[in-house]
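Q:
Residue numbers (our numbering), protein chains in the order written: chain A, 1 to 343; chain B, 1001 to 1343; chain C, 2001 to 2343.
#1: Excluding the 5 residues preceding and the 5 following residue 1203 of chain B in the sequence, name in chain order all residues of the same chain whose CB lies nearer than 6 Å to its CB.
#2: Would you say residue 2132 of chain C lies against chain B (beta-carbon separation less than 8 Å)?
#3: What are the complete beta strand (DSSP E) segments, minimum 3 residues, inside the stretch 20-104 of chain A?
#4: Buried or exposed: where does residue 51 of chain A fall if 16 or more other Cβ atoms within 10 Å of its Cβ makes it buried?
#5: Buried or exposed for residue 1 of chain A, going by 16 or more other Cβ atoms inside 10 Å?
#6: Determine the direct distance from the alpha carbon of residue 1227 of chain B to that of residue 2238 of chain C, and round the result to whole angstroms.
#7: Alpha helix (DSSP H) containing residue 2131 of chain C: first to last residue?
#8: Between the C-alpha atoms of residue 1039 of chain B and residue 2220 of chain C, what's the straight-line distance to the nearest angstrom?
#9: How many angstroms separate the CA atom of residue 2210 of chain C from the CA atom of residue 1198 of chain B?
#10: What are the partner residues of residue 189 of chain A, as DSSP defines its beta bridges?
#11: Determine the DSSP secondary structure at residue 1001 of chain B, reduced to helix, strand or coil.
#12: What are the residues in the stretch 1255-1278 of chain B lying within 7 Å of chain C by C-beta distance?
#13: For the beta strand (DSSP E) that residue 221 of chain A lies in, which residues bound it at each end?
#14: Which residue's Cα is closest to the Cα of residue 20 of chain A: A:70, A:252, A:191?
#15: I'd like the list of long-range same chain contacts for residue 2291 of chain C, defined as Cβ closer than 6 Å, with 5 residues on each side in sequence excluded.
#16: Is there contact between the stretch 157-171 of chain A and the stretch 2057-2074 of chain C, where contact requires at least three CB pairs shorter than 8 Å?
#17: Could you pull the start and end residues of the alpha helix (DSSP H) that residue 1329 of chain B belongs to?
#18: Under 8 Å, do residue 1253 of chain B and residue 1231 of chain B count as touching if we go by C-beta distance?
#19: Write down the C-beta distance between residue 235 of chain A and residue 250 of chain A rounded to the nearest angstrom, noting that I regard them as a contact closer than 8 Å.
#20: Measure the alpha-carbon distance for residue 2114 of chain C versus residue 240 of chain A and round it to whole angstroms.
#21: For residue 2175 of chain C, which residues of its own chain have a beta-carbon under 6 Å away from its beta-carbon, when the five flanking residues on both sides are left out?
#22: Answer yes or no: do residue 1963 of chain C and residue 2207 of chain C have a C-beta to C-beta separation smaller than 8 Å?
#23: So residue 2194 of chain C and residue 2216 of chain C are in contact, right, with Cβ under 8 Å, and what is the actual spacing, rounded?
#24: Using the three-state DSSP reduction, which class does residue 8 of chain A fall into: helix, strand or coil?
#25: State the DSSP-derived secondary structure class of residue 1268 of chain B, mapped to helix, strand or coil.
#26: List, in order along the chain, the chain C residues whose C-beta lies closer than 7 Å to that of residue 1313 of chain B?
#27: Return the first residue and the last residue of the beta strand (DSSP E) that residue 2016 of chain C is part of.
#28: Taking only three categories from DSSP, how would you classify residue 288 of chain A?
#29: Could you list which residues in chain B have their beta carbon closer than 9 Å to that of residue 2136 of chain C, in chain order?
#30: Between residue 2298 of chain C and chain B, is the shortest Cβ-Cβ distance under 8 Å, so that the two count as touching?
#31: In terms of residue numbering, what span does the alpha helix (DSSP H) encompassing residue 2310 of chain C cover?
#32: Taking all protein chains shown into account, do 16 or more other C-beta atoms lie within 10 angstroms of the C-beta of residue 1205 of chain B, making it buried, or fewer, making it exposed?
#33: Going by the DSSP bridge assignment, what does residue 1205 of chain B pair with across the sheet?
#34: Check residue 1198 of chain B in the structure and name its three-state DSSP category.
#35: For residue 1177 of chain B, which beta-bridge partners are listed by DSSP?
#36: Are the beta-carbon atoms of residue 1137 of chain B and residue 1112 of chain B separated by less than 8 Å?
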């Protein structure tokens, strides 16, 4: 619970109305009741304010709603997220290594960390302060995990990989699986040992069942603040810059280097050994087959400017008709030419 | 083992031949021997009946096979499935909480349920009658699982999510991972806590390594009888109706609402915040980028009627040739126009 | 550590320089220092040899580098892989069933095998010599695992499935999940029991979070030496031949039969009930919707020869322009025809 005044301080916002209003929960505008705070970031929902029973509403500057308690923020969506975090935060009282956890003698777990029953930690693993490791998680030998991390059930971090601070692994995320490297030996394939590691920098989040392969030699690296959705594939020796967003079922093939602040839509793919610049947005199911310069919004396979792709894909259903028309044009032209010859 | 008479009662079918024939197994028509029952649902396989050694054959009405014991059903494929289930059914003698299972004191497990070694159940978890929870499965605090469920190894159900009756989770299915929600804060991203849950209604099946994200607020819901194949992604706040089929590697982005009795082919995708009606079929790798009305068979990206898509994609390999032809037409037209001017 | 002489014997190569040079590690050409061996398989990197500090370099015959110790091989990339394997190989001293592993009494584990803490082995499981089973892995009843296998954390092998020798499962690989089979019963779906198994032949590798479904009846089979990358889906009753490569996020739908020595790129898909011949290469995101004859390089959906696909996809961005041009041609033709009529 918090007063509106406390929340205004938290988000550095301004109050219009009663600052002593007590807030228990954050709720969507159509479900909010007394004790709830809600938010309007999209102006089209402003008319809903009239019938809304929320005790307070987070809005952008300039909104008129004389009957409501308003919490005014220049970024209402971010303010909503921060308030939600504040009201949710259970102090994660470190429980240490719980009964049923399997921890090697040489592992070092910070006393304020929590290792749940059924988690397995290998030799020389190090776990930082306030980190929580859920049941069923497996950390191989020599893994290093920073502080304030959250490793969900069944996540795996293989030997020698390193996680920064505030890293989140969703359930069944796999960090450090072998890169997919084989040397042809006649018709057969000889496995190339993958002896590198994976480094996840601070504030990285990896989605459920997403896989980040270890490097063949050297390291695969995911930059600070980058977020991977579920079922994403990152090949060996890939480097992803800071503050990137990779949506579900996307993939980056081996050795490609991605700049910072890129966003790749669902099922989008980057072929191997490519360079992608900064601030590149690739639409859902887009596919990069060559290098990509910075500051572009692209879609399609091959990639093209997003607006061009929208036009091009609208033409595809008309292709059979276009083909027929072209044959008609040809026929008419044949006839005209014949007629000209006659004359 | 069962007699043909028992099986006929089970499927409400009719026997032509010896009702006392004993049946041990169900086998495909080309491998069936004495003691086996087989089935023919596709008429093109009827000629195989002559050489088939099965003790009995499930067929549709109207099939002539005077030398075989026939079990006649209006739906032979369904009859086959029911007989296979009947002959397979091992009475799942509830073993309770087995040694090596890690179950919180406040969890309530029905005495007829089975919790295998290495499974982890959190605080206040409830597990219904005859449910089987395999090794390595993790149920977070406050999870509710109905009766007759089957949760395979390494599946994860996160805090507060609810499973109905007869729900099946294949290995490594993830229920209740965080939705992919971040509020931009300059170039960085601030994580929006995902405080909702997932509800899987009765008779839902979730494939191996498929992920159903918990809602940001409220719930993500999969309707009664819906089946997800492997490696499927369901975003936060999605609602899928009853009796849908989502084939492997498909994905539904956040907040989309799907009607009932829809079928989405492999790798098909639905963008976020869309509405899809009832009885919609989308072909493999189709992609919905806008709302979809009920009762349609669609394919492609953008979606178009499936038959139109078949024609359009057949044109794609001919595009370079079409382009060349068009340039030739243009040239011929230029020449004709010049000729006309001269005259 | 090894001398250059030992490494030359290992790869059956030839030395030019000092055979007693001591080698500790394999490193990429731009990071190699004294004590390292590096390799040049791509001639464009040969100029880097001059400034390289490596103690020796693996090269193809014909390379001139008088100041370097050369290890000459007709297949430098394969030689590199073999040397890396040799230098990495830690003798995997079998640790038997370790404390914290949960192994059924009827399971038979070879004394030279290793079963790590937290691994679960069901009834009658058999594990061969020198096989390593990592923490959190679950083998259901009646699973058979050969010798020299490596089963990583959280991998699952369901009941009755069989793994040959030298099989590798990356973390969270799922072998033997139920095939996706349902019989329509009105609007509802009735689950068809999946009572077959999966067979992984010798030298198969399965990537992280990849799924190989058990057969409905009979078996799903992955041929000797075939390698699956991460997040790959193999449907029930599929047969994949020997020495195939299936790159990440690809999928093969139920009952399709793939020949030997095929390579499928990332996100490529094969529809169900198809036959694909030997030595077929399908490019990234290609999709087979019909049978495919042997010895072809194909791409696209529908599949076409790869070179044709490259040309066709280059035309797609130009479609709106083509359409406009065609309308202009039509207009010009209309005018010409009108003009002809007048004359």
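The C-beta atom is built at its ideal place from N, Cα and C for all residues, glycine as well. Keep in mind the model is a prediction, meaning the values are calculated, not measured.
A: Concretely, from the data shown:
#1: 1166, 1224, 1225
#2: no
#3: 36-39, 56-59, 70-72
#4: exposed
#5: exposed
#6: 20 Å
#7: No alpha helix (DSSP H) contains residue 2131 of chain C, which DSSP labels as neither H nor E.
#8: 21 Å
#9: 24 Å
#10: A:184
#11: coil
#12: 1261, 1266, 1267
#13: 219-222
#14: A:70
#15: 2274, 2275
#16: no
#17: 1319-1342
#18: no
#19: Wrong, their Cβ atoms sit about 12 Å apart, outside the cutoff.
#20: 36 Å
#21: 2157, 2161, 2198, 2212
#22: A question about residue 1963 of chain C goes unanswered here, because the residues of chain C that appear run from 2001 up to 2343.
#23: 5 Å
#24: helix
#25: coil
#26: 2301, 2302
#27: 2014-2016
#28: strand
#29: 1118, 1136, 1154
#30: no
#31: 2306-2315
#32: buried
#33: B:1168, B:1227
#34: strand
#35: B:1213
#36: no
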